[in-house]
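A short worksheet on the structure shown next.
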Amino acid sequence: MKKSVFFASVLALFSLGAQATVTSGGYFKIDKLYTWADYTDNVFLIRLESQIGAGLENCPFGYWLDKASSTNSNVYSAALSAYHAGTKVLIYGDEGADWAGLSSKECKIKSLITE
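Under our numbering, the first residue of the sequence shown is numbered 4, with each subsequent residue one higher.
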């Protein structure tokens, strides 16, 4: 199972292309998981517990994604499961894709990997 998660993660990273990709800097527990009503196009936001390094520097308020597609809904489902189980996650995000819904700096989720 871990091998298939690893290979899926590697494939996801190859698809990131030349985008400004940043990692959360390691595996961290999800501290807060925000969702809003329909006025945000189903955006959710993840804040990590005790995040350090480049992830904190480049994505200080966390990582966001919309649930508009089934693939994005799967990411939300994995994040929600990790949050409730207390499992640590590693997030790859696009630091150039800040969500306009908040005045703070967030990165768009490209990949979420559970430990």
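In this text, a Cβ means the ideal position worked out from N, Cα and C, and glycines have one as well. All values reported here derive from a predicted model rather than from experimental measurement.
In chain order, what residues of the same chain have a beta carbon less than 6 Å from the beta carbon of residue i, not counting five sequence neighbours either side?
i: Phe10; result: Bear in mind that the predicted position of Phe10 carries a pLDDT of just 43, short of 50, making it unreliable; the figure below should be weighed with that in mind. Contacts found: none.
i: Phe47; result: Thr38, Tyr79
i: Thr117; result: Ala85, Thr90, Val92
Have a look at residue i and residue j and give me their C-alpha separation to the nearest angstrom.
i: Ile33; j: Ser114; result: 15 Å
i: Ser106; j: Phe64; result: 10 Å
i: Asp41; j: Ala71; result: 11 Å
i: Ile94; j: Tyr66; result: 8 Å
Could you have a look at residue i and say whether DSSP puts it in helix, strand or coil?
i: Ser155; result: With the chain covering 4 to 118 only, the question about residue 155 has no answer from this structure.
i: Leu36; result: strand
i: Thr43; result: helix
i: Tyr79; result: helix
i: Thr90; result: coil
Sorted by chain position, which residues of the same chain lie with C-beta nearer than 7 Å to residue i's C-beta, five sequence neighbours on each side aside?
i: Gly20; result: Bear in mind that a pLDDT of 48 at Gly20, under 50, signals an unreliable position, so the number given afterwards is only what the model happens to contain. Cβ neighbours of Gly20 beyond the five flanking positions: none.
i: Gly104; result: Thr43, Val46
i: Gln54; result: Ser27, Gly28, Phe31
i: Asn75; result: Leu68, Asp69
Measure the beta-carbon distance from residue i to residue j and round it to whole angstroms, keeping in mind my assumption that it falls under 8 Å.
i: Leu36; j: Ile49; result: 6 Å
i: Lys108; j: Asp101; result: 6 Å
Take the Cβ of residue i as the centre, count every other Cβ of all protein chains shown within 10 Å, and call the residue buried at 16 or more, exposed below.
i: Glu52; result: exposed
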